[in-house]
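Working notes, beginning with the structure itself.
There are 2 protein chains.
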Amino acid sequence: MTIERGYAPAVELRDRVGRTAAAMRRKGLDAIIVSTNANLLYVAGTIINGYAYIARDGEVTFFVRRPAPLLIGEMALIRKPEEIPQWLQSHGKPLPSTFGLEYDIESYSTVVRLANIFPQSSHVSASDILAAERAVKSRWEIEQLRASAAIQACAYSKIPKLYRPGMTDVELQIEVERELRRAGTIGLFRMRGGQLEMYMGSLLTGDNADEPSAYDFAMGGAGQSAALPVGADGSAIKSGQAVMIDLGGNAGGWMTDMTRTYSVGALPQQAIDAHNLSIEIAHAIARRGHAGAAAAELYDMAIAMVEKAGFAPYFMGHRQQASFVGHGIGLEVNELPVLHHRSKEILQVGNVIAVEPKFVIPGVGAVGIENTYVVTDRGLDNLTVFPEDLIQLD
Amino acid sequence: MTIERGYAPAVELRDRVGRTAAAMRRKGLDAIIVSTNANLLYVAGTIINGYAYIARDGEVTFFVRRPAPLLIGEMALIRKPEEIPQWLQSHGKPLPSTFGLEYDIESYSTVVRLANIFPQSSHVSASDILAAERAVKSRWEIEQLRASAAIQACAYSKIPKLYRPGMTDVELQIEVERELRRAGTIGLFRMRGGQLEMYMGSLLTGDNADEPSAYDFAMGGAGQSAALPVGADGSAIKSGQAVMIDLGGNAGGWMTDMTRTYSVGALPQQAIDAHNLSIEIAHAIARRGHAGAAAAELYDMAIAMVEKAGFAPYFMGHRQQASFVGHGIGLEVNELPVLHHRSKEILQVGNVIAVEPKFVIPGVGAVGIENTYVVTDRGLDNLTVFPEDLIQLD
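Line by line, the protein sequences give chains V and D. In terms of my numbering, the first sequence opens at residue 79 and continues consecutively. In terms of my numbering, the second sequence opens at residue 79 and continues consecutively.
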């Protein structure tokens, strides 16, 4: 199965670099130096120890401290980035007059160091260019995401067999983590920027779902420790409470988000209604979320449905509410576009979006679903195909 | 058990902030703005959504976008960091003339944004101050690390029971991950900076141990995917090969490193000799590693022992060799001091160091041990107490 090693084919890498170079030319950049892992993975096909130098003509040079298995471009062994200008000059390549660096992700120290290697040049942010390119997935990338979602669905199908009465949320989560790993996920939860942190995902039951978290995820939870205050906290899973499972699929590094809600015993009607409303909202967004639709409009539609049903106090949290209903996903879990009220983004064919209209019902827990969808001309195409209704654990 | 929630007591937090403020005064800083997770965890006792403002008098204000459970200091709710100067002024507090920011870890965009909130002030790097304070662990912190190591040892003791003939390295690793989680680790592998990535740790068997990796870890491995090229790659575990297990303990967020080597069938004498040499080196470093010893000297001693035994081609890798034999560890896996040839650091009481003299024997795999030690006046005190000889899996 191609996803096992996960190398993107050369034609794919060339297309990524070519599109990035085209965006650079439109913005007047002569070069971008890529130095952070997820973006290096995007342009090199694997993690490298060094830098990718993309020139405006679409040529890419990988300046590496250790040899890397590369399918495109040229590889130059260096000990430090200050050697880059000399290499370019000795290979007859022009030095950039304006070049881009990853302002939003790379450390201040590294950006300043890289800026100083071209003291005659001016530098600008390249974060937006790279994020915009990565937000539009190719056919090959969508196939990788489809495979990752299938692996995730395979593991989720075993969840009822993993449950045993008397389990805590953490105990059940550990068994689901193991099934996801056995099914083929690499585990790592890759996120843009240093602020978000997560082990493999989140499992919430009962009122722990209503515990505010410091992290900007859709849902909270106290977590197992003050050192990672999010998600399962060791609560016993009790009859009449919901168990929301949102653990990451990421076979081959391609992340898919799928949330399903399980229950022990019967849930109160209010929770069942909220869960069904979540499914309705996800389906409505899937119908309206064709290429050309505004991300903000999809969020506003969700809010209107929630308000009409009288569920506003519980939407995207209760004591603390998140202000988005979906987010781009791919090599990282927080990509573009974001479905929130102030979003300026217009959906494009090939965007991949996790849509997660969730509710927290006090005394019961979190209910709702999350699917990962591809934007098409006709609406959203679901990658995370799996039963959406509440699933009984016992 | 205190480690379960992991909040540091108020007296501990006050001491951390007080020592940081003293270091600031020595360096002429009037304030530090802490904005990255591991350092926020250090000064706030938990992850917060916002900033810790430490003034030279040792007072700390937590400027947060969401309320946080705090044991010390003052909490001020803000929407954006630009509100900080006004809050300080309205509370009769001076604006800094020189202040520190986390140059080495925080993104360029965020450092520039925070720098601009005090346009009349000059900013400098605070990364070194915070790293130096964190490198010296308190009695309470050492107790947390001791508890984390005990949990790790508990899980490691079950490894022979987890092995079944015919398993791959990934299959065995998944079972060890589960045991570590069941024993109480939170899973997250926290590392300083964005370059290193790891799921819960590394398991290496046979010649996969000799596969170079892009990451600067002690050992390599091809990994399961081009998206995370390090560690287990799906190799079958074979008779006559070593299985090196280096998965992270991190109960309560306090990370401990412990590596043990297992084998199926008998290993060649060369591998057994290398493993015993690893134990000898670790013990020699433990004897010589008292407060006042130079980190570089400990590395040089290890190299001398390796060369005398004729094992230099296999030390810290074979096709690719790492240039260190140990590293500080605590809230993150890559803290100070580092034991390498060019290190300028002198060991201090309370440093916690993972010592990992490892060998890669072609055709056999990686052998050796890793222990996490505390620096005392008399030498290193081992936290990861667990049998060190080769352990038979079958």
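We put the CB at the ideal spot given by N, CA and C, even for glycine. Given the structure is predicted, the values throughout are model-derived calculations rather than measurements.
Anything in chain D within Cβ reach of residue i, meaning under 9 Å, just list it in chain order.
| i | result |
| --- | --- |
| residue 127/V | 273, 291, 292, 293, 294 |
| residue 377/V | Ordered by position in chain D, no residue passes the 9 Å Cβ test against residue 377/V, which lies about 20 Å from the chain. |
List, in order along the chain, the chain V residues whose C-beta lies closer than 9 Å to that of residue i?
| i | result |
| --- | --- |
| residue 264/D | 277, 301, 302, 303, 305, 306 |
Going by alpha carbons, who is nearest to residue i out of the options?
| i | options | result |
| --- | --- | --- |
| residue 355/V | 416/V, 380/V, 258/V | 380/V |
| residue 456/V | 364/V, 90/V, 368/V, 436/V | 368/V |
| residue 316/D | 215/D, 244/D, 233/D | 244/D |
| residue 458/V | 443/V, 435/V, 220/V, 365/V | 365/V |
| residue 148/V | 447/V, 248/V, 293/V, 85/V | 85/V |
| residue 196/V | 203/V, 226/V, 161/V | 161/V |
| residue 295/D | 358/D, 440/D, 171/D, 276/D | 276/D |
| residue 446/V | 283/V, 225/V, 124/V, 112/V | 283/V |
Where does residue i sit, in a helix, a strand or coil, going by DSSP?
| i | result |
| --- | --- |
| residue 161/D | helix |
| residue 202/V | strand |
| residue 150/V | coil |
| residue 420/D | coil |
| residue 463/D | coil |
| residue 506/V | The question about residue 506/V has no answer, for chain V in this structure spans 79 to 472. |
| residue 383/D | helix |
| residue 102/D | helix |
| residue 272/V | coil |
| residue 238/V | helix |
| residue 230/D | helix |
| residue 470/D | strand |
| residue 289/V | coil |
| residue 443/V | strand |
| residue 338/D | strand |
| residue 114/V | coil |
| residue 377/V | helix |
| residue 168/V | helix |
| residue 247/D | helix |
| residue 220/D | helix |
| residue 407/V | coil |
| residue 97/D | helix |
Classify residue i: buried if its beta carbon has 16 or more other beta carbons within 10 angstroms, exposed otherwise.
| i | result |
| --- | --- |
| residue 168/V | exposed |
| residue 200/V | exposed |
| residue 331/D | buried |
| residue 416/D | buried |
| residue 419/D | exposed |
| residue 412/V | buried |
| residue 472/V | exposed |
| residue 239/V | exposed |
| residue 436/V | buried |
| residue 194/D | exposed |
| residue 448/D | buried |
| residue 222/V | buried |
| residue 298/D | buried |
| residue 321/V | buried |
| residue 463/V | exposed |
| residue 311/V | buried |
| residue 175/V | exposed |
Residue i versus chain V: which residues are under 8 Å apart at the beta carbon?
| i | result |
| --- | --- |
| residue 146/D | 292 |
| residue 182/D | 185, 186, 187 |
| residue 260/D | 249, 252 |
| residue 124/D | 292, 304, 305, 307 |
| residue 398/D | 144 |
| residue 413/D | Neighbours of residue 413/D on chain V: none; closest Cβ ~15 Å, over 8 Å. |
| residue 219/D | By Cβ distance, chain V contributes nothing, its closest Cβ being about 12 Å from residue 219/D, past 8 Å. |
For a contact defined as C-beta to C-beta under 7 Å, what are the partners of residue i on chain V?
| i | result |
| --- | --- |
| residue 119/D | 305 |
| residue 83/D | 303, 304 |
List the residues of chain D that residue i touches, going by C-beta distances under 8 Å, in chain order.
| i | result |
| --- | --- |
| residue 198/V | Result: empty, since nearest Cβ-Cβ is about 20 Å, beyond 8 Å. |
| residue 115/V | 272, 273, 275 |
| residue 330/V | 303, 304, 305 |
Rounded to whole angstroms, how far is the Cβ of residue i from the Cβ of residue j, which I believe are closer than 8 Å?
| i | j | result |
| --- | --- | --- |
| residue 370/D | residue 216/D | With 8 Å as the limit, residue 370/D and residue 216/D do not qualify as a contact, their Cβ atoms being about 20 Å apart. |
| residue 421/V | residue 373/V | 4 Å |
| residue 181/D | residue 205/D | 5 Å |
| residue 102/D | residue 178/D | 7 Å |
| residue 230/D | residue 327/D | 3 Å |
| residue 236/V | residue 219/V | About 27 Å; that fails the 8 Å criterion. |
| residue 313/V | residue 286/V | 5 Å |
| residue 409/D | residue 119/D | 6 Å |
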